[in-house]
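Colleague: Read in order, the letters of the sequence shown correspond to residues 0 to 256 in numbering that gives the first Met the number 0. Quick one: structure below, then a few questions.
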Amino acid sequence: MTLALPSEFLGLPIAHRALHDVTDGRPENSRAAIRAAIDAGYGIEIDLQLSADGHAMVFHDYHLERLANGTGSINQLTRKQAQAISLKGGDGEGIPDLAEVLKLVDGQVPLLIEIKDQDGQLGPDIGLLERATADALMGYRGSVALMSFNPNSTAEMVRLAPDLPCGIVTSAYDFAEWPELTEPICDRLRDIPDFDRTGACFISHEAGDLSRSRVQELRDRGVPVLCWTINSLAEERAARVFADNVTFEGYLSPLPG
Numbered sequence: 000m001t002l003a004l005p006s007e008f009l010g011l012p013i014a015h016r017a018l019h020d021v022t023d024g025r026p027e028n029s030r031a032a033i034r035a036a037i038d039a040g041y042g043i044e045i046d047l048q049l050s051a052d053g054h055a056m057v058f059h060d061y062h063l064e065r066l067a068n069g070t071g072s073i074n075q076l077t078r079k080q081a082q083a084i085s086l087k088g089g090d091g092e093g094i095p096d097l098a099e100v101l102k103l104v105d106g107q108v109p110l111l112i113e114i115k116d117q118d119g120q121l122g123p124d125i126g127l128l129e130r131a132t133a134d135a136l137m138g139y140r141g142s143v144a145l146m147s148f149n150p151n152s153t154a155e156m157v158r159l160a161p162d163l164p165c166g167i168v169t170s171a172y173d174f175a176e177w178p179e180l181t182e183p184i185c186d187r188l189r190d191i192p193d194f195d196r197t198g199a200c201f202i203s204h205e206a207g208d209l210s211r212s213r214v215q216e217l218r219d220r221g222v223p224v225l226c227w228t229i230n231s232l233a234e235e236r237a238a239r240v241f242a243d244n245v246t247f248e249g250y251l252s253p254l255p256g
């Protein structure tokens, strides 16, 4: 039986990579950004990458250079090594792991977790990050939903954590914007063919492509449609015609009530 996405993921705007703003000392996916989102009352979206010793690290990029004071790939670092590398634009805090973030959030707001593709082609070579994620979430009592661009990752999380709602991050898959993928992969994924077979219960779709017929077909079926990434109130108003909630950054999305 497919789980339903809890209502709080539809009622509270979701802060993309937490409520980050480096001009205020809050880097993406940082503890400071997470605390700010909690204080503001927003849902939180975070990203996970795998460490060299098999831990789920809260970090968006595959490489360190843009976000942290280091070089190379995050998957070449152990958890302790990653925790010791400071995030750019912060107060010296290192890269957190999922266990730390779960303790910090502690059920105060809903947490939307994106598992970054570890296959490289959104294919079947996955498993270690999904297992690390499931292990970290064991016993967590807060509201959590999981998602990935890789439908195989989504299906694996449904298997490993059948009590948690899982979704697929979806896109227009314009080949020019996905140089790491082949054109046939883009053509296949564009129409979200894996939704039913994965056990997904929601999608988070690219904001500029929300009117796509397949997206609205799923929504008409009662599938919740989230979207990424909204950068202004005007964009949010336009997106909410086609989506049930937004993932936002760069401005403060209005809270309900």
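All C-beta atoms, glycine included, are put in the ideal place defined by N, C-alpha and C.
Compare the C-alpha of L47 against each of A17, A36, A39, G40 and name the closest.
Modeller: Minimum Cα distance to L47 is reached at A17.
Colleague: Determine the contact status of M146 and E113, defining contact as a CB-CB distance below 8 angstroms.
Modeller: Yes. Within cutoff.
Colleague: With a threshold of 16 other CB atoms inside 10 Å of the CB of D96, please say whether the residue is buried or exposed.
Modeller: With 16 or more Cβ atoms within 10 Å of its Cβ, D96 is classed as buried.
Colleague: Give the DSSP-derived three-state secondary structure of F247 in the structure shown.
Modeller: It is a strand residue.
Colleague: When we look at the beta-carbon of M156 and count the other beta-carbons within 10 Å, is it buried (16 or more) or exposed?
Modeller: Buried.
Colleague: Using the beta-carbon count (16 or more within 10 Å), is L254 buried or exposed?
Modeller: L254 comes out exposed.
Colleague: For V21, which residues from the same chain have a beta carbon less than 6 angstroms from its beta carbon, with the 5 sequence-adjacent residues on both sides left out?
Modeller: G88.
Colleague: Within its chain, find whatever has a CB closer than 6 angstroms to the CB of H62; leave out the 5 residues flanking it on each side and keep chain order.
Modeller: Contacts found: S72.
Colleague: Is DSSP giving D96 helix, strand or coil here?
Modeller: DSSP places D96 in strand when its eight states are reduced to three.
Colleague: State the DSSP-derived secondary structure class of T153, mapped to helix, strand or coil.
Modeller: Residue state, collapsed to three classes: helix.
Colleague: Taking C-alpha atoms, which residue in P223, D60, N68, E99 lies nearest to T132?
Modeller: The residue with the shortest Cα to Cα distance from T132 is E99.
Colleague: Which residues in the same chain have their Cβ closer than 6 angstroms to the Cβ of G182, if we skip the five residues on either side of it in sequence?
Modeller: Looking at the sequence shown, residue 182 is not Gly but Glu. Answer for E182: F174, listed in chain order.
Colleague: In terms of residue numbering, what span does the alpha helix (DSSP H) encompassing F8 cover?
Modeller: Run containing F8: 7-10, per the alpha helix (DSSP H) assignment.
Colleague: Is H19 closer than 8 angstroms to E216 when the C-beta atoms are compared?
Modeller: In this structure, H19 does not lie closer than 8 angstroms to E216 by Cβ.
Colleague: Please state whether DSSP places A67 in a helix, a strand or coil.
Modeller: A67: strand per DSSP, three-state reduction.
Colleague: For M56, which residues does DSSP report across the bridge?
Modeller: Paired residue(s): Q48, D96.
Colleague: For D195, which three-state DSSP category applies?
Modeller: Reduced to three states, the DSSP call for D195 is helix.
Colleague: Using the beta-carbon count (16 or more within 10 Å), is Y41 buried or exposed?
Modeller: The residue is buried, with at least 16 neighbouring Cβ atoms inside 10 Å.
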